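Novice:
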Amino acid sequence: MGMETSVGRYVKAAVRAMSRIPGLTVDVTPMSSVLEAESIGTILEAVEVSHRALRSMGAKRISSSLRIDERLDKRRMMSDKIRGLERLRSRKT
-15 MGMETSVGRY
-5 VKAAVRAMSR
5 IPGLTVDVTP
15 MSSVLEAESI
25 GTILEAVEVS
35 HRALRSMGAK
45 RISSSLRIDE
55 RLDKRRMMSD
65 KIRGLERLRS
75 RKT
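Every letter in the sequence shown is one number past the one before it in our numbering, and letter 76, counting from 1, is 60.
1. On the premise that Ala30 lies in contact with Arg2, defined as a C-beta separation below 8 Å, what is that separation, rounded to the nearest angstrom?
2. Which partner residues of Asp11 appear in the DSSP bridge assignment?
3. What is the DSSP secondary structure of Thr26, reduced to helix, strand or coil?
4. Suppose contacts are defined by Cβ-Cβ distances below 9 Å. Is Gly7 in contact with Thr26 by that definition?
5. By the 10 Å Cβ neighbour count, where 16 or more other Cβ atoms means buried, how is Ser74 classified, buried or exposed?
6. Can you give me the start and stop residues for the alpha helix (DSSP H) that Gly(-8) sits inside?
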């Protein structure tokens, strides 16, 4: 992305650009960002706007890795999964 080893300012710019997309939820973690939307099109739009933001900062190379988990049997959100994991963690074994 740039010459320096820290990528924080690039992540900030990408997240800021993605946060303007209606219907998109962005959860930034230490090693990646998790995107949630009703459609894959919205996710792909987020990738495009984040790349555009990085190009505008002068980035000469941008790398994105996508892993898409689309559940079709029932509507589930990131927050549902987190709550489920927290319930499992709080159970006594």
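The C-beta atom is built at its ideal place from N, Cα and C for all residues, glycine as well.
Only a predicted model underlies this, so the values are computations on that prediction, with no experimental measurement involved.
Specialist: With the structure as the only source:
1. Your numbering for residue 2 matches position 18 in the sequence shown. Your numbering for residue 30 matches position 46 in the sequence shown. Before going further, note that residue 2 is Met rather than Arg in the sequence given. Between Ala30 and Met2 the Cβ distance is about 4 Å, and since that is below 8 Å, they are a contact.
2. For the purposes of this step, residue 11 is taken as residue 27 along the sequence shown, with counting starting at 1. Bridge pairing for Asp11: Val18 [DSSP].
3. Numbered from its first residue, the sequence shown carries residue 26 at position 42. Helix at Thr26.
4. Position 23 of the sequence shown, counted from the first residue, corresponds to residue 7. Position 42 of the sequence shown, counted from the first residue, corresponds to residue 26. Yes, Cβ-Cβ distance for Gly7 and Thr26 is below 9 Å.
5. Residue mapping note: residue 74 aligns to position 90 of the sequence shown, counting from 1. That one is exposed.
6. On the sequence shown, residue -8 is found 8 positions in, with the first residue counted as 1. From DSSP, the alpha helix (DSSP H) with Gly(-8) extends over Gly(-8) to Met2.
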